[in-house]
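> My structure is below; once you've seen it, I'll send some questions.
There are 2 protein chains.
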Amino acid sequence: MDKEDGVNNHGDEVQDIENNGLLDGKEEIGMHWSEFSDRNISHTQPLLAKRTNITSQIAIVGANLCPIESLDYEIFENELFKQDWRSRKKVQIVQYVILKWGFALLIGLGTGVVGFFNSVAVENIAGSKLLMTASLMTKNKYYEAFLLYAGLNMGLAAAAAALCAFIAPAAAGSGIPEVKAYLNGVDAHSILAPSTLFVKIFGSILGVSAGFVVGKEGPMVHTGACIASLLGQGGSRKYGLTWKGFRYFKNDRDRRDMITCGAAAGVASAFRAPVGGVLFALEEAASWWRSALLWRTFFTTAVVAIVLRASIQFCSTGKCGLFGKGGLIMYDVSAYKVSYSGADLVAVLILGIIGGILGSLYNYLVDKVVRTYSIINEKGAAFKILLVIAISLLTSCCYYFLPWVAPCTPCPTNITTSCPSVDESGEYKRFQCPPGYYNALASLFLNTNDDAIRILLASGGFHVFSLFIFFVAVFFIGIITYGIAIPSGLFIPVILAGAAYGRLVGRIFDPVMTLDTGFFALLGAASFLGGTMRMTVSLGVILLELTNDLLLLPLVMLTLLVSKTVADSFNKGVYDQILHIKGLPYLEAHAEPYMRNLVALDVVTGPLITFSGIEKVGNIIHVLESTGHNGFPVIDEPPFSDTPELCGIVLRSHLLVLLKGKNFSRERVPAGQSIFKKISAFDFAKAGLGKGIKLDDLDIEEEEMDMYVDLHPITNASPYTVVETMSLAKAAILFRQLGLRHMCVVPKSQGRPPVVGILTRHDFMPEHVLGLYPHMKSHKWD
Amino acid sequence: MDKEDGVNNHGDEVQDIENNGLLDGKEEIGMHWSEFSDRNISHTQPLLAKRTNITSQIAIVGANLCPIESLDYEIFENELFKQDWRSRKKVQIVQYVILKWGFALLIGLGTGVVGFFNSVAVENIAGSKLLMTASLMTKNKYYEAFLLYAGLNMGLAAAAAALCAFIAPAAAGSGIPEVKAYLNGVDAHSILAPSTLFVKIFGSILGVSAGFVVGKEGPMVHTGACIASLLGQGGSRKYGLTWKGFRYFKNDRDRRDMITCGAAAGVASAFRAPVGGVLFALEEAASWWRSALLWRTFFTTAVVAIVLRASIQFCSTGKCGLFGKGGLIMYDVSAYKVSYSGADLVAVLILGIIGGILGSLYNYLVDKVVRTYSIINEKGAAFKILLVIAISLLTSCCYYFLPWVAPCTPCPTNITTSCPSVDESGEYKRFQCPPGYYNALASLFLNTNDDAIRILLASGGFHVFSLFIFFVAVFFIGIITYGIAIPSGLFIPVILAGAAYGRLVGRIFDPVMTLDTGFFALLGAASFLGGTMRMTVSLGVILLELTNDLLLLPLVMLTLLVSKTVADSFNKGVYDQILHIKGLPYLEAHAEPYMRNLVALDVVTGPLITFSGIEKVGNIIHVLESTGHNGFPVIDEPPFSDTPELCGIVLRSHLLVLLKGKNFSRERVPAGQSIFKKISAFDFAKAGLGKGIKLDDLDIEEEEMDMYVDLHPITNASPYTVVETMSLAKAAILFRQLGLRHMCVVPKSQGRPPVVGILTRHDFMPEHVLGLYPHMKSHKWD
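Protein sequence lines, in the order shown, are assigned to chains A and B.
Going by the UniProt record's numbering, the first sequence opens with residue 1, and the numbers climb by one from there.
Going by the UniProt record's numbering, the second sequence opens with residue 1, and the numbers climb by one from there.
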């Protein structure tokens, strides 16, 4: 039976007891959960305290435990749907298509505008801060300059943390793992709630402006997804702000498609990379993909690109304050020499291998740090804010004091820009140096992250020692920053550390190479990205779109492939790790090897609860009260059929709507066609999580409990089935490929009930399967 | 039951008779088939003459009818497989991974080298031809020049046609529809045979050199797929050139993955567009896609890019004859102004809309022309060659005589190249003009197609009249060229006509626009590509990679989207049309609307033939002789089980191997574990089409016919099933998403056999379904 709902899982006791063996195999995070559940949930959820396997019922969303549900991408073909489908006129189909593309347009516009606003705000806030600090330093007021710098950073950081801690804890972190989980079929209301959107936008601006080693790219992906989700709610019935035309979007399939577009738009908006955005959505974010979606996603990112272009044209007249060409990152690499020899290829291979190792080390350390921080974060909002402030102070200290160790360099004479620089993003920061000199390290540290990357990728000179200090600093500060309670993207820290690393390697190999050191910085960034995020095509294209030079592509691709391959032999990608830490029940695209040794029936647990085609109201109420299950097989029995016969499957939410409508009869007879006049497909459309009718909303009187209700009109007669001898591996892949929530297990022989069990997401989770069959774990294939 | 095999379909009589109603609804192409079958096949295939529905059993491959089979992408989990799988050691897994990537490397290397060789050959042959013609014209020998030009063209054309007609008819045409069909699960041996590869390479070189309006892009995709297929055969058992390690690749899944890589490598090699290649494979070629494949495809195209780069470096020293920068197309658009206003956007929209209309007109005319040509082509090899020669003559005449209508233009004074041009690819052809003058139209006509496109995209001046003549000429010559018996890509004709069209529109809008007319030529090419091929992302990226300027992307994307949308309202994409003409049973990604009104059981036909778990040898031989079915359910019956019980499904090919091994017993008893010592998974690996054991190869003696053979070890106990009430639409999508060959239909109630039918590709074909339910066709949703 289905056991997906974390709120009402009294019915899972049988299985809970069976699962107790699981805890032996549980790792650190498993114990976290138990602590969490003891502390936060036990007063309302007595069963959770029993150290049960709660993998698929609950996850950490923004450092809080949160009940989660599975999404259902199946087309639920019941009679009601078919009636509605047949009654659709041409005009409604046109309406649907227009709305579909209209939504894509709106997602593109919204995400593009937010991305632009974000950049303008960050450039202005961070730019003013840096200018003020620099002006104090020019007056030799070094102490005051530090206080101002650190104070402003801390203020901005505290504001970001407060937003996160008090308004939307789910907005903390990158957001890409959450979007990935949603698109895999895991729903938790707060992941894509409006409050999350609000905090994600403003928290990200404050956090990046505060000088943290964080990016706005991950948050932009999350923002795009939130905007799409908001549009996909189809208005609000509560406030009457809805329209019947929206009902075709009130299902998980259409919402998923829109959120995929939103994620692509986020990347497109953050990197100004429309093709990269589409590929990111395809390669990393989405678990299901249709060819038609490629087109719609592409349209969305094209809209984003046009919005950004128009905005930049608008700003080119100086109306956007300090927002300059640095605002929407686009790196100028036109100075690179891209002809290369065999020696260069060897150097690139070495760079890729070491980059892969460092990337997987990055993942390893981020994992440890996030686990440690989650202990602090769960202690409450104040602790979250204190942690943010502490990291902010540490960052400020490093960034302000480390440049002092670098020597002052005489200004080059053959340059066109002024030295020392006078604007906030200049390459030649005077810092503590006398006039006519500049501090190369300060130009990296006392700049926005975007500008620091731009300087690293440019063809200038840096001392090996300076580069080493910068690399070590941003590598470790980046690691300890992820996991604090602010929206924090991982792309920029990784690119920054990677570019510093690449530039360092480039400087070391300089004597034997023909390639530019600036190009090596780009390859270093690629190697780190490949080593941490483990994407290939999308990163290659994003880097291509950032640099706008196709000739670089082959070497960038080679570096990405090498570093990903090396890193894959150590651990998983950083987003997969975070998914795991958060306990989001992510279904992998491949089945675990031991699943080949099991069949579907092996993991079916619990007594199967079924309904008759025409069922007593009281029975339904009782079942809904006593279990948290979400799908129930409907079996017709004599006298309505000769032998027990599978009608299909009904959903809890549909049962609740049907009961609310009170279309009951005193006799056990079919409802007939007249029922379709009384119920409407609109009422059965899937509401957003937490918004549908609840059991308590029903008002069934005592005498109605003995009446009957015909379930046939709402029974999906096309349930997906597997035969009981189906290998679990194949069943798992089938389940994920189709994006199901329930899958019926049918018997292989006659004389048994037509359904012998139901499989859900939970049943495919390695924790569950290995809990039932602990000896499987030691299989050599693991 | 399965009815996929066109060779032995005596068993399909029941269904054939049922299908007779189908012919009423058949269109022109249906009658073609009947003619074909009357003529070519009736002497061996009496049943086919009965005007039966042969959609899924036979298709036109290279103008010949050819029996086709379905591929099976299911992991066939029988006991033998599991034994083999469990026995695999770590070293074998590593071996598999190394081989997998090694094959990808080889595909990339092979396709890259062929692509380069192809370019060098074309540039040298066509270049010499053009130089000789031009030198005769300089001496005012216009008549001799025409004879030479037309004669050389005709000779090259005849050679290409002869290769195609006599060696590999399947090599004619683009090849992309065939690759698309293969990746959808349709197998015909000749599609990817070594002879096809040979003719595709040399026929394409000869055809392009002959001055036809054809490209080498489609043939390169086919070539890449052929190279991949050749590698995927896993050596030849016949010549002992095989190795046990290859056996893991002897299945349709791994072959499909390799051929997807090959298709991507083909595009990458033709356009020097590695990312475009990956996206092409994803968007257009492949029907199934896994995230892991993205990575491998990307690696393959990266290898291609590196090979091409190295080759160009090699040629830059002048070792490749006339092969210059024109060899591997890459257009220089650096002169474009890409700032645009509202008026420009309106012009681009108009361009896109008209481009879409013209693109769909292109498809419509190509469709008519191909249908007409196929009547000529089927008359025999001589007719094929004559048709090619006729088209060649027509093309030569147009190309040689049309430039005479253009006026002579005085040479510009501010240019760095010589005027009139002295090399073969120059922009300023002297043609009939006096010294100091050049003929603008001749520079378009008397050049290779690649160079003509380059000149159109460059920022120079053309007379509106000249552009109009060129546009009309290439538009119609391109249409009448496709379908003749030479390898002929569609990309270049479409780009050429589109660029001329765009340039023409650009000239007309010139007074009110800020955009460059050269840029308009690019947008025109995009609008034609979108209008004919209906791809978006991949074409956008290919154009991006061809022009290497990211700033153009938003407008290119807009044009592609507009033209695709407009064209989609008229007809299908050109490759889908060709698939349809060839009768390849392509499964669409979406189900037809009327399928929602049917359930799985509605399309199940014929008596179901099943085997017992331990079956008499004679029964098996009899069934295999009397039907062409490919999969048979295995049912255990008492005394081996209490009630009839579904064991799984066996394949014809596996049965043949088992029978050949003669592991029979006199008693009806299970074979036990000892059987796994006698049979090996290697023997059951899927051979290439037409290579496996045939029924005639068996040598069963009379007394063995009464013995028993245990089918359990080769029975797939994990067949995919649908319940009989499953909506046909959902079943069709499931079938395609999983890439199945057989799907079992299970009953919804007790007391009936555990399997009530088998669904195959054939059962989902609209021709079959509408044949059973003709009234469905008129549904308003159509």
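For glycine and all other residues, C-beta sits at the position ideal for the given N, C-alpha and C.
Spell out whether any CB of chain A is found under 8 angstroms from the CB atom of residue 725(B).
Numbered from 1 along the second sequence, position 725 holds the residue referred to as residue 725(B). Cβ-Cβ to chain A under 8 angstroms: yes for residue 725(B).
> Could you give the distance in angstroms between the alpha-carbon of residue 775(A) and the alpha-carbon of residue 370(A)?
The residue labelled residue 775(A) in the question sits at position 775 within the first sequence. The residue labelled residue 370(A) in the question sits at position 370 within the first sequence. Computed Cα separation, rounded: 31 angstroms.
> In chain order, what residues of the segment 584 to 598 of chain A put their CB closer than 7 angstroms to some CB of chain B?
So the list reads 589 and 596, given in the order they occur along the chain.
> Any idea what DSSP makes of residue 646(B), helix, strand or coil?
Reading the second sequence from its first residue, position 646 is the one you call residue 646(B). Reduced to three states, the DSSP call for residue 646(B) is strand.
> Any chance you could list the alpha helix (DSSP H) runs of at least 4 consecutive residues sitting entirely within the UniProt domain "CBS" (714 to 778) of chain A, in chain order?
For the UniProt domain "CBS" (714 to 778) of chain A, whole alpha helix (DSSP H) runs of length 4 or above, ordered along the chain, are 728 to 738, 761 to 764 and 766 to 772.
> I want to verify the contact list: residues of chain B whose CB lies under 7 angstroms from the CB of residue 291(A), in sequence order.
For the purposes of this step, residue 291(A) is taken as residue 291 along the first sequence, with counting starting at 1. Those are 283 and 589, listed as they occur along chain B.
> Anything in chain A within Cβ reach of residue 644(B), meaning under 9 angstroms, just list it in chain order.
On the second sequence, residue 644(B) is found 644 positions in, with the first residue counted as 1. Neighbours of residue 644(B) on chain A, chain order: 749 and 750.
> Taking Cβ positions only, does residue 77(A) come closer than 8 angstroms to chain B?
Walking along the first sequence from the start, residue 77(A) turns up at place 77. Judged by the 8 angstroms Cβ criterion, residue 77(A) is in contact with chain B.
> Among the residues of its own chain, which have a CB less than 6 angstroms from the CB of residue 524(B), if the five just before and after it don't count?
On the second sequence, position 524 is the one that residue 524(B) refers to. Excluding residues within five positions, the ones whose Cβ falls inside 6 angstroms are 498, 499, 501 and 502.
> Does the beta carbon of residue 176(B) sit closer than 8 angstroms to a beta carbon anywhere in chain A?
Taking the first residue of the second sequence as 1, we reach residue 176(B) at position 176. Output row for residue 176(B): interface = no.
> Out of curiosity, what's the CA-to-CA distance linking residue 439(A) and residue 429(A)?
On the first sequence, residue 439(A) is found 439 positions in, with the first residue counted as 1. On the first sequence, residue 429(A) is found 429 positions in, with the first residue counted as 1. Spanning the two alpha carbons is a distance of roughly 6 angstroms.
> Which partner residues of residue 487(B) appear in the DSSP bridge assignment?
Taking the first residue of the second sequence as position 1, residue 487(B) is located at position 487. Paired residues: 173(B).
> What are the boundary residues of the alpha helix (DSSP H) that includes residue 353(A)?
Indexing the first sequence from 1 puts residue 353(A) at position 353. Segment 342 to 377, the alpha helix (DSSP H) holding residue 353(A).
> Find out if the Cβ-Cβ distance for the pair residue 486(B), residue 172(B) is shorter than 8 angstroms.
If you number the second sequence from 1, residue 486(B) lands on position 486. If you number the second sequence from 1, residue 172(B) lands on position 172. Yes. Within cutoff.
> Span of the alpha helix (DSSP H) holding residue 142(B)?
What you label residue 142(B) is simply residue 142 of the second sequence in a count that begins at 1. Counting along the chain, the alpha helix (DSSP H) containing residue 142(B) begins and ends at 142 to 162.
> Is it the case that the Cβ atoms of residue 494(A) and residue 532(A) are separated by a distance below 8 angstroms?
Residue 494(A) sits at position 494 when you count from the first residue of the first sequence. Residue 532(A) sits at position 532 when you count from the first residue of the first sequence. In this structure, residue 532(A) lies closer than 8 angstroms to residue 494(A) by Cβ.
> In its own chain, which residues sit with a C-beta less than 7 angstroms from the C-beta of residue 479(A), not counting the 5 before and 5 after it?
Along the first sequence, read from residue 1 onward, the residue named residue 479(A) stands at position 479. The residues are 362, 365, 366 and 369.
> Where residue 123(A) and residue 526(B) are concerned, what is the direct C-alpha to C-alpha distance, given to the nearest angstrom?
As a position in the first sequence, residue 123(A) is number 123, starting the count at 1. As a position in the second sequence, residue 526(B) is number 526, starting the count at 1. Answer to the nearest angstrom: the Cα atoms are 37 angstroms apart.
> Is the CB-CB distance between residue 567(A) and residue 518(A) below 8 angstroms?
If you number the first sequence from 1, residue 567(A) lands on position 567. If you number the first sequence from 1, residue 518(A) lands on position 518. Cβ atoms of residue 567(A) and residue 518(A): not closer than 8 angstroms.
> According to a CB-to-CB cut-off of less than 8 angstroms, which residues of the segment 534 to 548 of chain B neighbour chain A?
Under the 8 angstroms Cβ criterion, the segment 534 to 548 of chain B contributes 536, 537, 540, 541, 544, 545 and 548.
> Would you mind telling me which residues of chain A sit closer than 8 angstroms to residue 85(B), beta carbon to beta carbon, in chain order?
Reading the second sequence from its first residue, position 85 is the one you call residue 85(B). Under the 8 angstroms cutoff, chain A gives 596.
> Tell me which residue opens and which closes the beta strand (DSSP E) that residue 632(B) is part of.
The sequence position of residue 632(B) within the second sequence is 632, counting from 1. First-last of the beta strand (DSSP E) with residue 632(B): 631 to 636.
> Looking at C-beta atoms only, is the number of pairs between the segment 83 to 94 of chain A and the segment 166 to 186 of chain A that lie closer than 8 angstroms three or more?
Contact fails: fewer than three Cβ-Cβ distances are below 8 angstroms.
> Let me know the secondary structure DSSP gives residue 339(B) once reduced to three states.
On the second sequence, residue 339(B) is found 339 positions in, with the first residue counted as 1. Residue 339(B) falls in the coil class under three-state DSSP.
> Select from the segment 210 to 221 of chain B all residues with a C-beta closer than 8 angstroms to any C-beta belonging to chain A, and list them in chain order.
Within the segment 210 to 221 of chain B, no residue qualifies.
> Quick one: what's residue 614(A) bridged to in DSSP?
Counting from 1 along the first sequence, the entry for residue 614(A) is found at position 614. Per DSSP, 710(A).
> Does the segment 71 to 81 of chain A touch the segment 715 to 730 of chain A, meaning 3 or more C-beta pairs lie closer than 8 angstroms?
Result yes; three or more Cβ-Cβ pairs closer than 8 angstroms.
> At what residue ranges does the segment 79 to 108 of chain A contain a whole run of the alpha helix (DSSP H), taking only runs of 4 or more?
Qualifying alpha helix (DSSP H) stretches, in chain order: 79 to 86.
> From residue 353(A) to residue 506(A), what does the alpha carbon distance come to, in whole angstroms?
For the purposes of this step, residue 353(A) is identified with residue 353 of the first sequence, where counting begins at 1. For the purposes of this step, residue 506(A) is identified with residue 506 of the first sequence, where counting begins at 1. If you take the alpha carbons of residue 353(A) and residue 506(A), they lie about 14 angstroms apart.
> Whose C-beta lies closer than 6 angstroms to the C-beta of residue 741(B) among residues of the same chain, with five residues either side of it excluded?
Counted from its first residue, the second sequence places residue 741(B) at position 741. Taken in chain order, the residues that qualify are 70 and 72.
> Taking the beta carbon of residue 140(B) as the centre, do at least 16 other beta carbons fall within 10 Å, making it buried, or is it exposed?
As a position in the second sequence, residue 140(B) is number 140, starting the count at 1. Per the 10 Å Cβ criterion, exposed.
> Does chain A have any CB closer than 8 angstroms to the CB of residue 429(B)?
For the purposes of this step, residue 429(B) is identified with residue 429 of the second sequence, where counting begins at 1. Residue 429(B) does not count as touching chain A.
> Put residue 607(A) into one of helix, strand or coil per three-state DSSP.
The count along the first sequence starts at 1 and reaches residue 607(A) at position 607. DSSP places residue 607(A) in coil when its eight states are reduced to three.
> When you compare only the Cα positions, how much space is there between residue 40(B) and residue 263(A)?
Working through the second sequence from its first residue, we reach residue 40(B) at position 40. Working through the first sequence from its first residue, we reach residue 263(A) at position 263. A caution first: residue 40(B) carries a pLDDT of 34, below 50, which makes its placement in the model unreliable, though a value can still be read off. So the alpha carbons of these two residues sit roughly 55 angstroms apart.
> According to DSSP, is residue 665(B) part of a helix, a strand, or is it coil?
Start at 1 with the first residue of the second sequence, and residue 665(B) comes out as number 665. Residue 665(B) falls in the strand class under three-state DSSP.
> Quick one: list the residues of chain A neighbouring residue 298(B), beta-carbon separation under 8 angstroms, in chain order.
The count along the second sequence starts at 1 and reaches residue 298(B) at position 298. Within chain A, the residues near residue 298(B) are 536, 537, 540, 557 and 561.
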